[in-house]
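Everything below concerns the one structure shown next.
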Amino acid sequence: MTGTPLAEAPVDVVCLGESMVTFLPSRPGRLADVPAFARAIGGAESNVACVLAAAGHRARWVGRVGRDGFGDHLVDAIAAYGVDVSAVRRDAARPTGIYFRTATDRANDTHEVAYYRAGSAASAMSPLTVPYDSVAGGRILHLSGITAALSADCLALMRTLTAPRPARPLVSFDVNHRPALWRGVPGAGVLLELARGADLVFVGEDEARQVWGLSGPTAIRAALPEPAVLVVKRGAAGAVVFARAPGPRHAGAEAVPAPAGDTASSPSSAALPSVAAASPAPAGGPGSVPAQDTVTAVPAPVVEVVAPVGAGDGFAAGFLSATLRGLGPRERVRYGHLMAAAALTVPGDLAAPPRRTHADRLVALDDAAWETLHLGPGWTGEDQEVRP
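Per the working numbering, the sequence shown starts with residue 55, numbered consecutively.
Here's what the structure looks like:
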């Protein structure tokens with residue numbers, strides 16, 4: 055198996071979840087009408103690992119794949135991004151999952167996805183088949199709600215990983231609500247439970263409305279007061295970060311120091327709550343945010359969308375990258391927006407991130423320049439014109 059042995063590879067972020075071979079349509083339209091598909095890789099957590107590795111971080115993906123050709127392809131493709139895949143396990147009795155999708159956005163009524171993942175190798179992940187040592191060795195452990203929907207064993211694993219324990223890594227959780235995966239099983243309570251056990255939570259304003267019936271960032275924070283950091287993504291409107299200093303449950307969880315010798319676009323502490331500039335909580339629903347919260351709202355740049363997929367994973371990777379570097383909340387969100395824009399301006403789920411110097415230069419723009427930023431296909435190249 056490719057990848058560096060676990061004992062020799064201290065990592066920044068460990069990402070756990072199912073990765074699948076995905077088949078991308080050759081043209082827009084219903085699945086019934088698409089004549090051909092191109093093979094790619096897909097999986098929220100492995101996407102985050104790939105983007106982080108391409109951005110220069112040490113990332114590990116933990117998962118299970120079948121002992122088949124699709125499993126070979128996944129492991130090799132993810133390793134090619136520089137991701138440590140030494141903790142991936144092969145299952146001779148279960149297949150690697152695959153899925154087909156249309157070219158439209160998940161939020162679009164015409165979007166279709168056909169999953170062939172029931173009984174997949176990844177669905178056999180459990181507290182017994184995934185040793186805790188394989189996921190606890192990083193500074194951050196990144197999870198998503200998708201894994202919880204795969205099987206009862208996967209849900210048990212997620213509950214184990216989000217449970218309080220001494221010296222656990224910072225637990226990052228992307229809600230990633232996928233209604234088709236729950237097969238009529240109510241996922242709202244499960245996703246809320248797991249989010250409440252995490253230290254850092256990403257949730258889209260639209261999915262919070264869909265799964266929990268919550269409207270607006272303030273209402274979402276009122277329902278999720280436990281995480282030290284809550285990021286509410288608002289699509290083209292930007293994102294809002296609610297943050298506070300860690301309490302006893304999160305002791306040490308938000309202290310993710312930047313590596314020695316790393317440089318940031320602006321000086322700041324590694325602990326987001328201590329640097330977030332206080333601002334009024336955005337309106338948008340009943341309830342109230344914790345009194346010790348600071349709130350930072352950051353608009354998104356204008357993006358010429360090529361394919362509306364992969365943005366959420368890109369955003370999470372960008373935010374985590376900036377967190378690892380010890381940047382402030384505004385910079386973390388701006389990095390999230392830039393990595394999301396990289397994904398949106400290419401046809402597939404994954405995109406090469408911009409060079410760090412290029413991204414740093416954009417993140418350091420003043421507010422007026424940032425708010426008029428216009429990113430189109432090819433913008434991640436150093437010599438690509440970026441129109442204000």
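Where a beta carbon is used, it is the ideal one built from N, C-alpha and C, also for glycine.
Sub-8 Å separation of residue i and residue j beta-carbons
i, j, result
"L197", "S226", "yes"
"G430", "T399", "yes"
"G191", "V65", "yes"
"V286", "A293", "yes"
"I152", "Y170", "yes"
"L195", "V283", "no"
"F256", "V229", "yes"
"A217", "G251", "yes"
"R347", "R298", "One point to set straight first is that residue 347 is Asp, not Arg, in the sequence displayed. For D347 and R298, yes; Cβs fall inside 8 Å."
"A290", "A354", "yes"
"A394", "A365", "yes"
"G71", "G117", "yes"
"D403", "G96", "yes"
"L78", "A98", "no"
"F154", "A168", "yes"
"L224", "E166", "no"
"A444", "R144", "Residue 444 lies beyond the range of the chain shown here (55 to 442); nothing can be said about it."
"S180", "L211", "yes"
"L392", "L419", "no"
"A363", "F373", "Looking at the sequence provided, one finds Val at residue 363 rather than Ala. Cβ atoms of V363 and F373: not closer than 8 Å."
"T150", "V184", "no"
"L254", "P281", "yes"
Beta-carbon proximity list for residue i, same chain, < 6 Å, skipping 5 on both sides
i, result
"L235", "A203"
"A331", "With a pLDDT of 30 at A331, under the threshold of 50, the predicted position of this residue should be treated as unreliable, and no value is reported."
"A262", "L268, I274"
"S100", "S73, W115, I132"
"G435", "none"
"E259", "V286, R288"
"S188", "V116, A141"
"V356", "H428"
"A405", "A396, A397"
"L209", "A202"
"T164", "T158"
"E358", "G430"
"D207", "S180"
Bridge partners - residue i, DSSP secondary structure assignment
i, result
"A94", "T76"
"A168", "F154"
"V129", "According to DSSP, which records beta bridges pairwise, V129 is partnered with nothing at all."
"W115", "C69"
"V286", "V257, V294"
"D145", "G120"
"D138", "R114"
"L429", "V357"
Neighbourhood of residue i by C-beta, 7 Å cutoff - its chain only, sequence neighbours within 5 removed
i, result
"Q264", "H231"
"S375", "L106, A109, H111, Y389"
"V360", "L398, T399, V400, P401, P431"
"A146", "R121"
"W266", "A242, L246, A277"
"R384", "T350, V352"
"G123", "none"
"S205", "S177"
"H127", "V75"
Same chain only: Cβ atoms within 8 Å of residue i, ignoring 5 sequence neighbours per side
i, result
"R81", "V88, P89, A157"
Residue i at chain C interface by Cβ criterion, 8 Å
i, result
"W266", "Protein chains in the displayed structure number just one, and chain C is not present."
Heavy atom of the ligand ZN within 7 Å of residue i beta-carbon
i, result
"L246", "The ligand ZN is absent from the structure shown, which contains no ligand whatsoever."
Count the C-beta pairs between the region 87-106 and the region 123-138 that are closer than 8 Å, then say yes if the count reaches three, no if not.
yes
Can you list, in chain order, the stretches of the alpha helix (DSSP H) that have 4 or more residues and sit fully within the region 344-408?
365-378, 383-398
If you scan the region 168-244 from start to end, which runs of the beta strand (DSSP E) of 3 or more residues do you find wholly inside it?
192-198, 224-228
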